[in-house]
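Enquirer: Structure below; questions to follow.
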Amino acid sequence: MKREELIRKWLDNELEPKELELFKALDDYEDLLRISNSMQSFKPDAFDTDVELNRLKKSLELKNQQKNWLKPLIAIAAAVVILFGIYQSLSLQETQVSTLASQKQEVKLPDNSNVFLNALSTVSFNEKEWDTQREVQLQGEAFFKVEKGSTFNVKTATGLVTVVGTQFTVKERDDLFEVVCYEGIVRVDHQGQSLVLKKGERYLNIHGALTFNTQTTELNPSWIDNISSFKSMPYSFVLAEFERQYDIKFVENDIDSQQLFTGSFPHDDMDFALKSITLPLNLKYIRNNRMITLKGEQKK
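Each residue of the sequence shown is one higher than the one before, starting from 1 at the first, in the UniProt record's numbering.
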C-alpha cells in the first residue's frame with residue numbers, strides 16, 4: 001500500500017491491524033504523530049480528509065526542506081567558530097622562555113635583538129604583533145642587546161623601560177628594581193618617576209629608596225661571565241642571588257641581613273663562592289647537601 005493511502009486511512013481511523021503495522025514502520029511515523037497531536041488542539045468547523053492530507057504532506061515537505069537547509073548552515077557556522085578560535089589563539093599566543101636556578105639562556109627576538117636571561121627569570125613576547133609593537137614582559141633579570149628600529153619596551157610588574165637601540169639590563173627581584181645602561185639611551189618609568197639614563201648610568205631602587213647617580217664602567221653585566229658582583233648592596237640580596245645561582249637554601253643564625261656588602265662570587269665553584277661572601281663579614285658556614293647554615297659572631 002502506498003504511503004499516502006496509509007496516511008489517509010490513518011487520518012480517517014480506517015487502518016486495519018496489518019495496515020497499522022505498515023504505518024508504524026514509516027520513516028516519519030514519529031513526526032506524523034507529533035503533527036497530529038499538535039493539530040488536535042484545534043477544533044475546525046469541518047474536516048476534509050483530502051485537504052488535511054495535502055496540508056500534512058506540505059508540512060512534512062517543508063520540514064524536510066528545513067532539515068536539508070539547516071545541515072550545511074550548521075556545518076558552516078561550526079567551521080567559522082573553529083577558525084575564529086584558531087585565529088584568536090594564534091593572535092594572542094605568546095612566546096615565553098624561563099630559566100631554572102643556576103641556569104642562564106640567550107633568547108633571540110624576531111628582529112634579531114638578543115635577551116640574556118639570568119637564573120630564575122622569565123621573558124615573554126608576542127611574535128605575531130612584533131612588527132607593530134616591540135615589547136617584552138620580564139620577570140627577574142635580563143641583559144638586552146636591542147637592534148635599532150621602532151620603540152622597544154620592557155615591561156615589569158613595577159616599571160617600564162623604553163629604548164630604540166641600545167644595551168642595558170633590567171632587574172626586578174622582590175623589593176629591588178635596577179636598570180643599567182651600557183650603550184645608547186634608556187628611559188625608565190618607575191613608581192611615578194620618569195628619567196633618562198645614558199651610557200654608564202644606573203637606576204637603583206631598593207625598598208622604595210632611590211639611587212640614581214651611580215656610575216659603572218663595565219661593558220656588560222658581570223653575570224654574563226658567570227660572576228655576580230655587588231657594590232654596597234644589602235647582604236640579603238647577595239644571599240638571594242647566591243641561592244638562584246647554586247639552587248641552594250640559606251639558614252641564617254645571628255646574621256645582619258641588611259649590612260652592606262661589596263664584592264663578588266663565581267657561579268662555577270661553590271666552595272670558593274661561599275668563602276667570597278662569608279670571609280669579608282667574618283661569617284662561618286656549615287654545608288649540608290642543599291642547605292647552608294650561616295653563623296655570625298657570638299655577641300658577648
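Cβ coordinates follow ideal geometry from the N, Cα and C atoms, glycine included.
Quick caveat: nothing in here was measured; it's all calculated off a predicted structure.
Let me know if E4 comes out buried or exposed under the rule of 16 or more other beta-carbons within 10 Å of its beta-carbon.
Expert: Exposed, because fewer than 16 other Cβ atoms sit within 10 Å of the Cβ of E4.
Enquirer: Count the other CB atoms within 10 Å of the CB of H207; is the residue buried (16 or more) or exposed (fewer)?
Expert: The residue in question, H207, is exposed, as its Cβ has fewer than 16 Cβ neighbours within 10 Å.
Enquirer: Would you please state the rounded distance, in angstroms, between the beta carbons of residue 312 and G140? I believe it to be under 8 Å.
Expert: As shown, the chain starts at 1 and ends at 300. That puts residue 312 outside it, with no answer to give.
Enquirer: So what does P234 bridge to, in DSSP terms?
Expert: Looking at the DSSP assignment, P234 forms a beta bridge with L260.
Enquirer: What are the start and end residues of each continuous alpha helix (DSSP H) run of 4 or more residues lying completely inside the UniProt domain "FecR protein" (96-187), in chain order?
Expert: Counting whole runs of 4 or more residues, the UniProt domain "FecR protein" (96-187) contains no alpha helix (DSSP H) stretch at all.
Enquirer: What is the DSSP secondary structure of T278, counted as helix, strand or coil?
Expert: If DSSP states are grouped into helix, strand and coil, T278 belongs with the helices.
Enquirer: The alpha helix (DSSP H) that contains E21, what's its start and end?
Expert: 17-24 is the extent of the alpha helix (DSSP H) around E21.
Enquirer: Going by the CB atoms, is the gap between E19 and K9 shorter than 8 Å?
Expert: In this structure, E19 lies closer than 8 Å to K9 by Cβ.
Enquirer: Within 10 Å of its beta-carbon, does R287 have 16 or more other beta-carbons around it, so buried, or fewer, so exposed?
Expert: So R287 counts as exposed.
Enquirer: Determine the direct distance from the alpha carbon of Q258 to that of N112, and round the result to whole angstroms.
Expert: The straight-line gap from Cα to Cα measures roughly 40 Å.
Enquirer: Quick one: using the 10 Å Cβ neighbour count with 16 as the cut-off for buried, is Y235 buried or exposed?
Expert: Flag for Y235 reads buried.
Enquirer: Can you tell me where the beta strand (DSSP E) with S194 in it begins and where it stops?
Expert: 193-198 is the extent of the beta strand (DSSP E) around S194.
Enquirer: Here's a check: name, in chain order, each residue in its chain whose Cβ is nearer than 6 Å to the Cβ of M291, leaving out the five neighbours to either side.
Expert: So the list reads K249, once near-sequence residues are dropped.
Enquirer: May I ask which residues mark the beginning and end of the beta strand (DSSP E) holding E252?
Expert: It spans 249-253 - the beta strand (DSSP E) in which E252 sits, taken as one unbroken run.
Enquirer: Going along the chain, which residues of its own chain have a beta-carbon closer than 6 Å to the beta-carbon of L195, five neighbours each way excluded?
Expert: Counting only Cβ-Cβ distances below 6 Å, and skipping sequence neighbours, we find V188.
Enquirer: What is the rounded straight-line gap between the Cα of L283 and the Cα of V238?
Expert: The alpha-carbon atoms of L283 and V238 are separated by roughly 14 Å.
Enquirer: Out of E172, F230, D268, L274, point me to the one whose CA is closest to F261's CA.
Expert: Nearest option by C-alpha distance: F230.
Enquirer: Which residue marks the beginning of the beta strand (DSSP E) containing R202, and which one marks its end?
Expert: Per DSSP, R202 belongs to the beta strand (DSSP E) from 201-206.
Enquirer: Quick check on the DSSP output: the beta strand (DSSP E) that includes N13 runs from which residue to which?
Expert: First-last for N13: undefined, no H or E at that position.
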